[in-house]
Structures are given as structure tokens and as C-alpha cells.
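Note that the UniProt record's numbering has the sequence shown beginning at 1, numbered continuously upward. Positions of the beta carbon are idealized from the N, C-alpha and C atoms, including for glycine. Model, not experiment: these values are computed from the prediction. All remarks here apply to the structure that follows.
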Amino acid sequence: MTFRLAAAIAAAVLLTACGQVEETAGPAASGATVQTMFGPVTVPANPTKVVALGWSDAETALALGVRPIAAADWLAFGGEGVGPWAAGRYTTAPKILPTLEPDYAAIAQLQPDLILNTRSDNSEEKYRELSKIAPTVSGPAGVVSYGTTWRQQMELVSQSLGKPDEGRRLIGEVDAAFDRAKADNPVFAGKTAAIGAYYSEKYSAYVRGDSRVDFVEGLGLKNKPEVQALAGTSFAVDLSREQIELLSADLTVVFPIGGDAAPLRADQVLNQLPAARAGHLLIMDDKTLVNAFSSGSTLGTLYAIEKAVPLFASTLTK
């Protein structure tokens with residue numbers, strides 16, 4: 001992760017290779033053995049005391065009908081720590097835990113039978129410490145930090161919770177929604193997109209492995225090659241003022257992290273990009289929609305398909 005994006009994640013808190021799963025025989029108390037980046041993890045059958053630490057792990061569990069007893073609120077929703085698209089799925093509010101640095105003592109006190117950390121910074125040290133408390137399911141092999149896709153996350157979480165069929169059903173629901181959006185908006189096909197974030201007076205651009213790029217490419221758009229060429233081991237790249245022009249694409253989407261969109265609307269460089277002059281710049285200032293677009297969960301993605309796709313289409317066709 002870039003330093004700037006790491007800081008942006010922390011600020012947002014204070015204010016997305018598949019997972020392979022094998023069913024095992026074994027003791028009655030054992031469930032599936034889930035293949036993760038840190039090796040196979042055998043989880044308990046039908047866990048009931050689930051701690052959801054990873055980005056959108058709680059929303060993913062809720063979509064499957066499992067209510068975590070504790071969760072990290074990565075997008076600083078407050079309350080139950082989930083977006084409005086997941087409202088009403090808890091019967092008892094979970095304990096809200098820190099995000100970037102796990103509170104191991106607080107987690108241990110909860111005596112969980114499963115810890116979900118499928119979208120994270122991929123720290124092996126944190127994994128080892130969490131595994132001392134309970135079986136811990138991390139992301140799949142080969143993903144960058146915070147790079148687990150919504151599909152991989154659902155596969156891992158549904159298998160871990162003993163609900164693989166429901167997981168496949170939900171994946172099919174999201175796939176069908178993307179298919180409908182593509183069919184309804186053939187203008188997306190083959191067009192380039194650049195997705196940028198603004199934080200602390202600087203810009204970053206997202207690359208493949210980030211849920212927002214996965215989202216637009218799921219619509220038939222293509223992440224701008226010149227941006228993608230800068231990709232390293234993170235889900236985003238920092239841009240200097242001289243590199244802001246890289247955000248100009250057939251469709252340019254930019255949003256603020258931890259603030260409002262006023263600085264973006266006033267930025268002369270951004271608003272003089274060819275994309276902006278052509279009317280193809282979308283400054284997203286609806287925080288609920290930005291969070292849905294950023295959530296990388298099945299529930300948030302379905303909300304974003306409904307609300308963001310019309311904005312993308314109208315911006316692209318101006």
C-alpha cells in the first residue's frame with residue numbers, strides 16, 4: 001500500500017487468484033478447510049461467535065445470514081459499522097474493533113470461534129497473532145494488500161461459515177446485476193476509465209486489485225492502461241501534480257476521502273483535463289454512494305450498480 005493511501009484509510013476510520021476450499025471429513029466439530037495466502041485453515045462447523053476484521057467481512061457475513069459479534073468499521077459508518085444497504089441485519093449491535101491495528105486482547109476476551117480477515121494488509125505477523133486466538137481466514141494467495149475481490153471474499157466467507165451454496169447464489173445475483181448493467185449500457189464497452197481519490201491535497205489512482213477498478217471493469221470499461229502501467233504491489237498509485245493528467249480517460253471518476261468535494265471542484269488542473277472539458281469528469285460527492293462503490297461487498301456492490309451506473313453512463317455520453 002502507498003503511504004498516502006494507508007494514511008487515507010486511517011483518516012477515513014477516524015472520521016477489493018480465488019480462494020480454494022476443500023470439504024474435509026475430520027472431527028464433527030470441524031468444518032471446511034479453506035486455502036488462504038498463509039496456508040490451509042480448518043474452521044469450525046457452523047461458527048456462531050464470528051469476529052469480522054477485514055474490510056467488508058462483516059457485510060459479507062451478514063449477507064449470508066451470520067451476525068458477527070464484533071467487527072471493524074473500515075468506512076467509519078458508526079453505529080453497527082455497516083452501510084445502509086446492510087441496515088437491519090443485526091439483532092444486537094456488534095462490538096466495534098480497531099481497523100489497522102487489531103486489539104488482540106479485546107478479541108481474545110470475546111472468545112471467538114472464527115476470525116475473518118479476508119481483505120487486509122496481508123500481514124503475516126497479524127495473522128499469526130490472530131491465529132493464536134481462533135482459526136483465522138485471510139485473503140487468497142496472490143492478492144495485493146486490500147486486493148481481495150468481492151467474489152473471492154464471498155467464496156472465502158461463505159465456505160468458512162458453512163454456507164457455500166448461499167455464497168454461490170449471492171455471487172450469481174451480483175453477476176446477473178453486472179450483466180444487466182452491461183446490456184443496458186453498451187456505451188461502456190471498450191471505453192477507458194480512471195478512478196481517482198483525493199486526500200490531503202493529493203491524488204491517487206486505483207489499479208486492478210482494487211474493488212473500484214473491479215467494479216468499472218465489471219461493467220465493460222477498462223482501467224486506463226497508462227495508470228495500470230504504474231501498478232506495483234498496492235491497490236493504488238500516488239500521483240504528483242504533474243501526473244494528474246493521467247486521470248483523464250473516456251470516463252474519469254474522482255472522489256474525496258475524509259472530506260467534501262469542494263477542493264476538487266476548485267482544482268484548476270483537474271477541471272482542465274481533456275475529460276473534464278469534454279464533460280466526462282464525474283466528481284462523486286455523495287458519501288453513501290462513494291462508500292458503496294468502495295465497499296467491495298456484495299450488498300454494497302448491488303447498491304452501487306443501482307445508483308452509480310446511471311451516473312457513469314450519463315457522464316460518458318455527454
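Contacting residues, own chain, Cβ-Cβ under 6 Å from E22 (five flanking each side not counted): The predicted model places E22 with a pLDDT of 38, which falls under 50 and marks its position as unreliable, so this point remains unresolved.
Bridge partners - S30, DSSP secondary structure assignment: Answer by DSSP bridge pairing, in chain order: P44.
Continuous beta strand (DSSP E) stretch holding S138: start and end: 136 to 138
Where T118 falls, given that 16 or more other Cβ within 10 Å makes a residue buried: buried
Distance, R67 Cα to S314 Cα: Cα-Cα distance, rounded: 38 Å.
Own chain residues within Cβ distance below 6 Å of I133, not counting five before or after: I107, A108
Whole-number beta carbon distance between S160 and P114, since they are thought to touch under 8 Å: Checking the sequence shown, residue 114 turns out to be Leu, not Pro. 6 Å between Cβ atoms; contact.
Paired residues, beta bridge with D238 - DSSP: S204
Segment contact flag, the segment 232 to 245 with the segment 171 to 188, C-beta cutoff 8 Å, min 3 pairs: At 8 Å Cβ cutoff, the stretches do not touch.
Alpha helix (DSSP H) runs contained entirely in the segment 260 to 304, provided each spans 4 or more residues: 262 to 266, 268 to 271, 274 to 277, 287 to 295
C-alpha distance - Q268 paired with S56, whole-angstrom precision: 35 Å
Residue interval of the alpha helix (DSSP H) (run including I244): Looking at the DSSP string, I244 is not in any alpha helix (DSSP H), and its letter there is neither H nor E.
Touching by the beta-carbon criterion (3+ pairs, under 8 Å), the segment 220 to 240 and the segment 289 to 307: Flag = no, the segment 220 to 240 and the segment 289 to 307 do not touch.
Residue of E155, R265, G279 minimising C-alpha distance to L170: E155
G167 in three-state terms, based on DSSP: helix
Under the three-state DSSP convention, the category I133 falls into: DSSP places I133 in coil when its eight states are reduced to three.
Local Cβ density within 10 Å of A266, reported as buried at 16 or more and exposed below that: exposed
CB contact flag (A63, P94, <8 Å): In this structure, the beta-carbon distance from A63 to P94 does not fall below 8 Å.
Which of helix, strand or coil DSSP assigns to P112: Three-state result, P112: coil.
Where F255 sits in the DSSP three-state scheme: strand
R151 classed as buried or exposed, judged by whether at least 16 other C-beta atoms fall within 10 angstroms: buried
Three CB pairs or more closer than 8 Å across the segment 254 to 263 and the segment 184 to 203: yes
Cβ-based burial, K318 [other Cβ within 10 Å; buried from 16]: exposed
Nonlocal neighbours in the same chain, by C-beta distance under 7 Å from A249, ignoring five residues either side: T192, A193, A194, K224, A275
Proximity below 8 Å, CB of L116 to CB of L53: yes
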